[in-house]
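Read the structure below first, then the notes.
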Amino acid sequence: MGTHRAVIAEGYSAFEGRKWVRWTAKMRASFLDHLAATCNVKASAEFIGVDPVSVYALRRRDARFTEAWGEALALGYEMLETLLVG
Numbered sequence: 006m007g008t009h010r011a012v013i014a015e016g017y018s019a020f021e022g023r024k025w026v027r028w029t030a031k032m033r034a035s036f037l038d039h040l041a042a043t044c045n046v047k048a049s050a051e052f053i054g055v056d057p058v059s060v061y062a063l064r065r066r067d068a069r070f071t072e073a074w075g076e077a078l079a080l081g082y083e084m085l086e087t088l089l090v091g
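Residues in the sequence shown are numbered from 6 upward in steps of one, following my numbering.
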């Protein structure tokens with residue numbers, strides 16, 4: 006059979022195989038918090054129970070989410086740098 010790709014409709018839903026993902030504000034916030042803490046997209050996606058493909062698709066289509074993603078990574082990098090420098 007063919008493969009299924011994530012498709013975002015205005016950044017709110019994604020089709021993963023046979024499962025629709027409805028992006029809620031809570032899911033976005035949880036993903037971004039976990040991303041800031043870990044700097045790990047795959048782990049952060051798994052933390053909220055979605056495939057990383059869905060998260061990347063949302064990032065491509067939602068400018069505000071993309072901006073928040075960058076801010077979360079910047080915060081995460083800053084925390085890592087602080088830990089390394091002491």
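C-beta: ideal position from N, C-alpha, C; glycine also.
| query | result |
| --- | --- |
| Should the region 24-40 be regarded as contacting the region 60-80, the criterion being three or more beta carbon pairs within less than 8 Å? | yes |
| Could you give the DSSP three-state label for residue 26: helix, strand or coil? | strand |
| Given residue 44, which residues of its chain have a CB within under 7 Å of its CB, disregarding the five upstream and five downstream residues? | 78, 81, 82 and 85 |
| In three-state terms, what does DSSP make of residue 58? | helix |
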